[in-house]
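Numbering-wise, the working numbering puts 411 at position 120 of the sequence shown, and it's gapless, one number per residue.
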Amino acid sequence: MPPVRCRIVLVLLILVFTTVLGAPEAIARDSDKSWEFGAYAMLSRYSNSTDFDSAPGFGVRGGYHYKAIHEFEGDFDKATADHATLPDVQFDVTKFSANYLRNYLLKGHEKMTPFAAFGLGFLKVDDGADSETSTVYKAGGGFKFWFTPHVGLRFDAKIWRWHGNGKVVLRDPFYSFDTTFAVAFLVGGST
292 MPPVRCRIVL VLLILVFTTV LGAPEAIARD SDKSWEFGAY AMLSRYSNST DFDSAPGFGV
352 RGGYHYKAIH EFEGDFDKAT ADHATLPDVQ FDVTKFSANY LRNYLLKGHE KMTPFAAFGL
412 GFLKVDDGAD SETSTVYKAG GGFKFWFTPH VGLRFDAKIW RWHGNGKVVL RDPFYSFDTT
472 FAVAFLVGGS T
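If you want it as structure tokens, here you go:
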């Protein structure tokens, strides 16, 4: 197994182990005035016209629940994609975005919180010789599964739009897709 995949498997095992610890019978739910933070592993799939292969990456996020159903968060992630046809050419892709999450608190399903997410941010692509930045628009959704009132797992799937400016990537608009698997921690608020 390649070293990058070994690291992803190790991180995922650690995330699963840490989330299982705690009282499984506790009822959990996103709550007013609470903070949520965590780390995630992701897989980015880029538009075929970028000539980027799919790439694993890692990121961190932090958010604030203004109300239990309204969450504002920021995230930062990084991935290194290989060129689809040229050997030994890689692209470092770094994203930062501010997001709004609309949490859906389903009655009778306190451990699971589905959500819709929308975001705006910046993307930097660096090929080692040059770099360029772009605005990123994100939309997607996912769910959080709470093992304890303060620890849970989170899964996101988001499509994002960006564009090249001709330095590193073609001067075209592109759509890409991220799936993330994360551990989430809640601090503050009421449980």
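For every residue, glycine included, the Cβ atom is placed at its ideal position computed from N, Cα and C.
In this text the structure is predicted, and so the values were computed from the model without any measurement.
Q.
Just verifying my parser: in three-state terms, what is the DSSP assignment at N390?
A. Here N390 carries a strand assignment [DSSP, helix/strand/coil].
**Q.** Beta-ladder partner(s) of V474, from DSSP
**A.** L444
Q. Between P368 and the rest of its own chain, which residues show a CB-CB distance below 7 Å, the 5 nearest in sequence each way excluded?
A. The amino acid occupying residue 368 in the given sequence is Asp; Pro does not appear at that position. Setting aside the 5 residues that flank it on each side, D368 is surrounded in the same chain by M333, G348, F349, G350, K386, each with a C-beta closer than 7 Å to its C-beta; the list follows chain order.
Q. With which residues is T371 paired in a DSSP beta bridge?
A. T371 pairs with D383.
Q: Measure the alpha-carbon distance for L477 versus W326 and round it to whole angstroms.
A: 6 Å
Q) For F363, is the classification buried or exposed, using 16 other Cβ atoms within 10 angstroms of its Cβ as the cut-off for buried? A) exposed
Q) Rounded to a whole number of angstroms, what is the C-alpha to C-alpha distance between T404 and L397? A) 7 Å
**Q.** Inter-residue Cα distance where the pair is H374 and H361
**A.** 39 Å
Q) What is the rounded straight-line gap between the Cα of F409 and the Cα of A420? A) 32 Å
**Q.** Closest Cα partner of L411 within the set F472, A330, G365
**A.** Distances from the alpha-carbon of L411 to those of F472, A330, G365 put G365 closest.
Q: Decide if the segment 439-447 is in contact with the segment 466-480; the criterion is three or more beta carbon pairs, one per stretch, under 8 Å apart.
A: yes
Q) What do you get for N390, buried or exposed, if any count of 16 or more other CB atoms within 10 angstroms of its CB means buried? A) buried
(Q) So if DSSP puts H356 in a beta bridge, which residue, or which two residues, is it bridged to? (A) E362
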